[in-house]
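What follows is a single structure, written as structure tokens, with notes after it.
Protein chains: 2
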Amino acid sequence: MKKIVSLESGNGGLEMAQFLNSFTNKLYRGNNENGKNLWSNFSNDSATYKLPNKDILCFTTDSYTVSPYIFPGGNIGDLAVSGTINDLAVMGCEPIGLSLSLIIEEGFELDELNIILDTINRIANEFKVPIVTGDTKVVEKGSVDKIIINTSGVGIAKKILCDKILPGDKIILSGGIAEHGVALLSKRFDFETNIVTDSKPVLLEMREIRDKIKFAKDPTRGGIASILNEIADEYSLKIVIDEEKIPIKKEVKTATKLLGIDPYSLANEGRILIICDSKNAQSVLKDLKKFNTMAEIIGEVEKLDKVGNVILKTTLGSRLLSMPSGKIVPRIC
Amino acid sequence: MKKIVSLESGNGGLEMAQFLNSFTNKLYRGNNENGKNLWSNFSNDSATYKLPNKDILCFTTDSYTVSPYIFPGGNIGDLAVSGTINDLAVMGCEPIGLSLSLIIEEGFELDELNIILDTINRIANEFKVPIVTGDTKVVEKGSVDKIIINTSGVGIAKKILCDKILPGDKIILSGGIAEHGVALLSKRFDFETNIVTDSKPVLLEMREIRDKIKFAKDPTRGGIASILNEIADEYSLKIVIDEEKIPIKKEVKTATKLLGIDPYSLANEGRILIICDSKNAQSVLKDLKKFNTMAEIIGEVEKLDKVGNVILKTTLGSRLLSMPSGKIVPRIC
């Protein structure tokens, strides 16, 4: 039997991680002889390159396909521009430019294309991150489901976020979780909710806090469950989260309960999960609350023990928060 | 009636140019107040950015969709890596890194995926252009036709190609034309030919000649007809091509005659069209012949007159070589 690519590979969960590992490990990453490779951070949100003047160039890419592509509070254009700006911003760098590559199905409505392009342009303009190069392919009907957008991005940093995460460090969320996920599901399953996507660049927040933190990441596909597990795995640490502290809007809680979906596995598109030294935590929280009053310190890094990597302290005791896996996570981005 | 995106927009011809213009003109390109925008060359193969140390950063993107995705002499992986390296190389810069974003249809055969990834890796390795960042999306069956690849790229130059093109300058082709186009069509229409794709990075050639030339471009979609018209338009010049000098393999000529297709409008994926001062033409030709003995000086730049922008001198007299338009060009990339 021929082996095929299965959809579970793409859900932001365990299979995806295995699938990605199997081939990214093969890729040519540059010449490491004599340790002179100027590139590093291959598995991070952005790869980084040491420029001749010691500045650091950050480079990232993401392709966006989402159904529905116009949803409560936004559209695929929001995700594409904000997502790529965020992949640069969470490294601690200033985005300097984006590329925009559109793959459009023949027959796509020009009115909708204009809504998407206007969104892209509005965000680029508002955050002063220019779109400097691009490419458009129109493909035959049936060759692509409506529209796919790839945005790559470059940025420059004096210093990227790379301080060692240690037991005692605090974990902070910049706002309520799972709003993007619920907004998308509400359109897809046609239920009513006031929740709109949280999609937006987190650049302004990152500018305020980047000198005071050790680590930042936007919890997109797989939600905070995915990211917390990734961090715990990569740094061999235990993470303990206080469930009551996790910021979540009432409507989001209700909707996810009704749907029987774990909000911790749902995507966010304008939130940051931050790790910082405990002495900076209150100051970082204060900065973040200027942008979103729901920002909260949600937990702490501890030494690894046998209990498990990510622990959720609930009112009923403690449980493991595991990596989302398989089709448990509805595929929405 | 609702206006829709039509396939002709994507053929590399006239409609595509109009379609692209209408929306790229809207895009935020950076703050031009005080003339301080560090970005330029927005409509070139790569956009360019002045780095703090005066080096120039080049940035480009391209999405690749091709049917068939495995064809005589290569596959979509060849196109994706070579194409993006070439978009950087023709600016006169050294590519420093690529991004790789895969969008794969559920059910895609892993064996074929491995062929494509091996190709990508082999070329990256051979030309020492590392793949530093990436993204993979697996989408539901029917959401994409097999596979789409986006490769973006960054490069650094001390100086990019920007000397003014003037009457008297020579036009040079680095090898036989339309081989990629014919290889693809042979697979699609199932006819026998020895022709294989010309897809490859033109980086080695560019390194040899970039200090002696004014302009280089890889004639991909729309072939040399498209590029020559673009140059003539952009610089308000007339271009006169000697048809007998255009390098074309006998089998390519035969195949295009049989199919009733203009080889000048067919895609090349490993050729460069070069413009240089006439005093450098022989030296550049000599350099190019080291890589491909079919390299040839094919024409000359002249002052604009009323006759038309691109003139093809044939054995029967002269004719206009016009911009490919509509479905005359079979869509193959």
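These protein sequence lines are chains A and B, in that order. Going by this note's numbering, the first residue of the first sequence is number 1, and it counts up by one from there. Going by this note's numbering, the first residue of the second sequence is number 1, and it counts up by one from there. Ideal placement from N, C-alpha and C gives every residue a C-beta, glycine not left out.
| Item | Value |
| --- | --- |
| CB contact check: Val-5/A to chain B, cutoff 8 Å | yes |
| Asp-305/A versus Ser-67/A, Glu-112/A and Asp-233/A, residue with shortest Cα-Cα distance | Asp-233/A |
| Below-8 Å beta-carbon distance, Gly-107/A vs any chain B residue | yes |
| Span of the beta strand (DSSP E), counted from its first residue to its last, around Asp-134/A | As written in the sequence, residue 134/A is Gly, which differs from the Asp given in the question. Note, Gly-134/A: beta strand (DSSP E), 131-139. |
| Chain-ordered chain B contacts of Thr-65/A [CB-CB under 9 Å] | Ile-103, Lys-137, Val-139, Ser-143 and Val-144 |
| Continuous beta strand (DSSP E) stretch holding Lys-257/A: start and end | It is not in any beta strand (DSSP E) - Lys-257/A instead sits in the alpha helix (DSSP H) that spans 250-259. |
| Paired residues, beta bridge with Glu-302/A - DSSP | Lys-238/A |
| Run of the beta strand (DSSP E) containing Ser-174/A, from where it starts to where it stops | Counting along the chain, Ser-174/A falls outside any beta strand (DSSP E), and DSSP gives it neither H nor E. |
| Between the CA atoms of Ile-227/A and Asp-277/B - distance to the nearest angstrom | 56 Å |
| C-beta neighbour in chain A for Lys-2/B, strict 8 Å | yes |
| Euclidean distance between Cα positions of Lys-250/A and Pro-95/A | 34 Å |
| Interface flag, Ile-328/B vs chain A, CB-CB below 8 Å | Reliability of the predicted coordinates at Ile-328/B is poor, the pLDDT of 43 falling under 50, and no value is obtained from them. |
| Pick from Ile-241/B, Ile-248/B, Thr-220/B and Ser-143/B that is closest to Ala-80/B, judged by C-alpha positions | Thr-220/B |
| Opening and closing residue of the beta strand (DSSP E) in which Thr-48/B lies | 47-50 |
| Three-way DSSP call (helix, strand, coil) for Leu-98/B in this model | strand |
| Of the residues Gly-181/A, Ile-76/A and Cys-162/A, the one placed nearest Ile-116/A, counting alpha carbons only | Ile-76/A |
| Endpoints, beta strand (DSSP E) assigned at Ala-157/A | 147-157 |
| Residues that Pro-340/A contacts on chain B, provided the C-beta gap is smaller than 7 Å | As shown, chain A starts at 1 and ends at 333. That puts residue 340/A outside it, with no answer to give. |
| contact_flag[the segment 98-105 of chain A, the segment 128-140 of chain A] where n(CB pairs < 8 Å) is 3 or more | yes |
| Nearest-angstrom Cα separation, counted from Leu-273/B out to Glu-205/B | 12 Å |
| Three-pair Cβ contact test at 8 Å for the segment 64-76 of chain A versus the segment 163-177 of chain B | no |
| Beta-carbon proximity check, Phe-59/B vs Val-202/B, cutoff 8 Å | no |
| Contact under 8 Å by Cβ, Pro-72/B with Thr-254/B | no |
| Euclidean distance between Cα positions of Lys-313/B and Pro-263/B | 16 Å |
| Simplified DSSP state of Lys-36/B, which is helix, strand or coil | coil |
| Between the CA atoms of Asp-55/B and Lys-159/B - distance to the nearest angstrom | 7 Å |
| Beta-carbon separation (whole angstroms), Ala-178/A vs Val-252/A, contact threshold 8 Å | 5 Å |
| Bridge partner(s) assigned by DSSP for Asp-337/B | What is shown of chain B runs 1 to 333, which leaves residue 337/B out entirely. |
| Stretch pair the segment 118-134 of chain A + the segment 34-52 of chain B: three plus CB contacts closer than 8 Å | yes |
| 9 Å Cβ cut-off: residues of chain B touching Ile-275/A | Result: empty, since nearest Cβ-Cβ is about 22 Å, beyond 9 Å. |
| Neighbourhood of Thr-193/A by C-beta distance below 7 Å, restricted to the same chain and skipping five residues each side | Val-182, Ser-186, Glu-251 and Ala-255 |
| Between the CA atoms of Asn-37/A and Phe-191/A - distance to the nearest angstrom | 52 Å |
| Neighbour flag for Phe-42/A against chain B, beta carbons, 8 Å | yes |
| Nearest-angstrom Cβ-Cβ length linking Glu-269/B and Gly-83/B, presumed shorter than 8 Å | 7 Å |
| Asn-25/A - DSSP class collapsed to helix/strand/coil | coil |
| DSSP bridge partner residues for Cys-276/A (one or two, in chain order) | Lys-170/A |
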